[in-house]
Amino acid sequence: KQEVTQIPAALSVPEGENLVLNCSFTDSAIYNLQWFRQDPGKGLTSLLLIQSSQREQTSGRLNASLDKSSGRSTLYIAASQPGDSATYLCAVRGSGGYQKVTFGTGTKLQVIP
Amino acid sequence: DAGVIQSPRHEVTEMGQEVTLRCKPISGHNSLFWYRQTMMRGLELLIYFNNNVPIDDSGMPEDRFSAKMPNASFSTLKIQPSEPRDSAVYFCASSLVANTEAFFGQGTRLTVV
Numbered sequence: 037k038q039e040v041t042q043i044p045a046a047l048s049v050p051e052g053e054n055l056v057l058n059c060s061f062t063d064s065a066i067y068n069l070q071w072f073r074q075d076p077g078k079g080l081t082s083l084l085l086i087q088s089s090q091r092e093q094t095s096g097r098l099n100a101s102l103d104k105s106s107g108r109s110t111l112y113i114a115a116s117q118p119g120d121s122a123t124y125l126c127a128v129r130g131s132g133g134y135q136k137v138t139f140g141t142g143t144k145l146q147v148i149p
Numbered sequence: 003d004a005g006v007i008q009s010p011r012h013e014v015t016e017m018g019q020e021v022t023l024r025c026k027p028i029s030g031h032n033s034l035f036w037y038r039q040t041m042m043r044g045l046e047l048l049i050y051f052n053n054n055v056p057i058d059d060s061g062m063p064e065d066r067f068s069a070k071m072p073n074a075s076f077s078t079l080k081i082q083p084s085e086p087r088d089s090a091v092y093f094c095a096s097s098l099v100a101n102t103e104a105f106f107g108q109g110t111r112l113t114v115v
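Taken in sequence, the protein lines are chains A and B. Okay, so the first sequence: first residue is 37 according to the numbering used here, each after it adds one. Okay, so the second sequence: first residue is 3 according to the numbering used here, each after it adds one.
Here's what the structure looks like:
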C-alpha cells in the first residue's frame with residue numbers, strides 16, 4: 037500500500053525567503069507525481085506535474101524535483117510572498133493497473149509580511 | 003471551459019436521509035475521481051472512473067456509498083442512509099488521460115446532523 041508523507045506539517049517563514057517542502061512515498065512504482073495548493077475552503081489547484089521519467093519541472097517561482105528511486109519529491113518556492121500562504125499537497129499516481137492516486141497529508145505554509 | 007463543476011456547494015441533512023452529490027467533469031476528460039477530505043484522514047480516493055466505467059472503488063467506505071457515471075459529462079455520488087461520520091468535503095476531479103494533470107472542483111461540504 038502506497039503511503040505518502042509530507043514534512044513539515046506546518047511552516048511559517050518571513051516574506052522573501054526561499055523554502056523547500058518535502059514529499060516522500062513508500063512505493064517507487066509510480067506513474068507521476070503532482071503538487072497542488074489548497075486555499076482555506078477551496079478546491080485544489082494544480083501547480084506542477086512530474087512524470088516518472090522526469091527529474092524536475094518548473095513554473096515561475098516554483099520548482100519541483102523527483103527522485104523516484106529514493107521515493108522523494110521536493111517543491112522549491114523562491115522569494116516567497118504572502119499570497120503563497122496555503123496548504124500544499126503532493127499526490128502520487130501508482131503505475132499498477134488501477135493507477136490509484138494517493139495524497140500526502142499536506143504542509144500548511146504561512147508567509148509573514 | 004468552466005472547469006469541474008460540483009453541486010451543491012453545501013449540503014446539510016439529517017441522519018438517515020439520502021444525499022446525492024453531482025459532478026460535471028471538464029469536457030473531453032475521460033477520467034473522473036471522487037475524493038473525500040476530512041481533518042482526521044486527509045484526502046482519500048473513493049472511486050475512479052475511466053471512460054464512464056468504474057475502475058477502482060476500493061476506497062468506497064461501505065455499501066451506503068454508491069457512485070454512477072451514466073455519461074461522459076455527469077457523475078453522482080450517493081450516500082443512503084447518511085450518518086454524521088459522513089460529514090466531510092467531497093471533491094470531484096477529472097483528467098484527460100492517466101498521465102496528465104487532474105483538475106479539481108470546488109467541492110461539496112456535507113454536514114450530516
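Backbone N, C-alpha and C define an ideal beta-carbon position, used for all residues, glycine too.
*Is the CB of Lys144(A) under 8 Å away from at least one CB in chain B?*
no
*In chain A, which residues lie with their C-beta within 7 Å of the C-beta of Phe106(B)?*
Gly79, Leu80
*Rounded straight-line distance, which links the Cα of Gln93(A) to that of Leu111(A)*: 10 Å
*asked:* Given this structure, state the Cα-to-Cα distance separating Phe67(B) from Arg38(B), to the nearest angstrom.
replied: 12 Å
*asked:* Would Phe105(B) and Val6(B) qualify as a contact pair, given that the criterion is a beta-carbon distance under 8 Å?
replied: For Phe105(B) and Val6(B), yes; Cβs fall inside 8 Å.
*Does the Cβ of Arg1(A) have 16 or more other Cβ atoms within 10 Å, making it buried, or fewer, making it exposed?*
An answer regarding residue 1(A) cannot be provided, because it is not within the stretch 37 to 149 covered by chain A.
*Is the CB of Thr141(A) under 8 Å away from at least one CB in chain B?*
yes
*Interface positions of the stretch 118-132 of chain A facing chain B (Cβ-Cβ less than 8 Å), listed along the chain*: Leu125, Ala127, Arg129
*Could you list which residues in chain A have their beta carbon closer than 7 Å to that of Gly109(B), in chain order?*
Gly79
*asked:* Alpha carbons only, please: which of Val114(B), Gln108(B), Leu45(B) is nearest the one belonging to Ala4(B)?
replied: Measuring from the Cα of Ala4(B), the nearest candidate turns out to be Gln108(B).
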